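Undergrad: I have a structure here, written as structure tokens, and I will follow up with some questions on it.
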Amino acid sequence: MSRTVYLVDDDETVRSALTLLLETVGVTVKSFASPEAFLTQAANLPPGCLILDIRMPAISGLKLQEKLSAQGIFWPTVIISGHGDIEACRRAFRNGAIDYLRKPVDEQDLIDAIQKGQAELEACQQRAAERAEAQALVSALSPRESEVLEMIAKGVTTKQIAHALGLSPRTVESHRAAIAAKAGTTSTAELTRFWLEAQGDP
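Going by full-length UniProt numbering, the first residue of the sequence shown is number 1, and it counts up by one from there.
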């Protein structure tokens, strides 16, 4: 578990105990005594998992989730609470929490939640890398090649593309060959994936 875990809890005893627990299994922990302290640094921190206490003075863990979302920060979040508030639990999950744990926190449950969050982060990083690759490919295409690729992605045949663009089928095939050379694949499915990812489609 290589990514940092950010722990936000106003209880120093809880921060110390959870930090010690996670560090014993190789997790790097950066703790904050208040949501305000975390918010001042959040924009400059590398992505990581969050552990948030639900009840803190001034800004609750739920409110902190909302403030982070407003900043475009959607990191995997584990909410911890000393109270069995079902509605708060529902809100936490609606805000994107991956787990909701009662204090005193079960050690294995917390470790499992962090592992789940780490896996989500890695998957997000992989998707971001694939999207960046696709966007670089599409930006390297000529305007005509981009038109052809868009139509390929929509399932349009070579003859249909030729008719729609006023080209000969042979010219369309030439464009397809150029696109395939830049993409490193002749697979229609892969070319479609490149186009959709470049557009930001899931």
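We put the CB at the ideal spot given by N, CA and C, even for glycine. Bear in mind the structure is a predicted one, so any value in this text is a computation, not a measurement.
At a cut of 8 Å, does the region 55-64 reach the region 28-44 through at least three beta carbon pairs?
TA: Judged by Cβ distances under 8 Å, the region 55-64 makes contact with the region 28-44, as three or more pairs qualify.
Undergrad: Below 8 Å on the Cβ atoms is my guess for I114 versus C49; work out the distance and round it to an integer in Å.
TA: That pair is a contact at about 6 Å.
Undergrad: Taking contact to mean 3 or more Cβ pairs, one atom from each stretch, closer than 8 Å, check whether the region 115-124 and the region 185-196 are in contact.
TA: Contact fails: fewer than three Cβ-Cβ distances are below 8 Å.
Undergrad: Decide if the region 151-165 is in contact with the region 89-102; the criterion is three or more beta carbon pairs, one per stretch, under 8 Å apart.
TA: Counting Cβ pairs under 8 Å, fewer than three are found: no touch.
Undergrad: D11 lies in the alpha helix (DSSP H); which residues open and close that run?
TA: D11 -> no alpha helix (DSSP H), and no H or E assigned at all.
Undergrad: Provide the residue span of the alpha helix (DSSP H) that contains K116, from first to last.
TA: Element bounds for K116: E107 to A140.
Undergrad: Mind checking which residues open and close the alpha helix (DSSP H) that includes V29?
TA: Segment V29 to F32 is the beta strand (DSSP E) holding V29; no alpha helix (DSSP H) there.
Undergrad: Could you tell me if P104 is buried or exposed, where buried requires 16 or more neighbouring beta carbons within 10 angstroms of its beta carbon?
TA: Exposed is the call here.
Undergrad: What do you get for A162, buried or exposed, if any count of 16 or more other CB atoms within 10 angstroms of its CB means buried?
TA: Per the 10 Å Cβ criterion, buried.
Undergrad: Can you give me the C-alpha to C-alpha distance between T171 and G117, rounded to a whole angstrom?
TA: For T171 and G117, the distance between alpha carbons rounds to 49 Å.
Undergrad: Put T77 into one of helix, strand or coil per three-state DSSP.
TA: Three-state DSSP puts T77 in a strand.
Undergrad: Is the Cβ-Cβ distance between I98 and I80 less than 8 Å?
TA: It is not a contact, given that the beta carbons lie outside the stated cut-off.
Undergrad: Quick check on this structure: which residue in V148, K154, T19 and I152 has the alpha carbon closest to the alpha carbon of L165?
TA: Answer by Cα proximity: V148.
Undergrad: Based on the DSSP secondary-structure assignment, which residues constitute the bridge partners of I51?
TA: According to DSSP, which records beta bridges pairwise, I51 is partnered with L7 and V78.
Undergrad: Tell me whether I86 sits in a helix, a strand or coil according to DSSP, three-state version.
TA: In the structure shown, I86 sits in a helix (DSSP, three-state: H, G or I).
Undergrad: D11 to A134, Cα distance in whole Å?
TA: Answer to the nearest angstrom: the Cα atoms are 45 Å apart.
Undergrad: How about I73 and A42: do their beta carbons lie closer than 8 Å?
TA: Yes, the Cβ-Cβ distance between I73 and A42 is below 8 Å.
Undergrad: Considering only residues of the same chain and omitting the five flanking positions on each side of W195, which have a CB-CB separation below 8 Å?
TA: Counting only Cβ-Cβ distances below 8 Å, and skipping sequence neighbours, we find A134, V138, L149, E150, I152 and A153.
Undergrad: Can the beta-carbon of T28 be found less than 8 Å from the beta-carbon of T4?
TA: Their beta carbons are under 8 Å apart, which means T28 touches T4 by this criterion.
Undergrad: Determine the extent of the alpha helix (DSSP H) in which residue 207 is found, giving its start and end residues.
TA: It is not possible to answer for residue 207, since the shown part of the chain is limited to 1 through 202.
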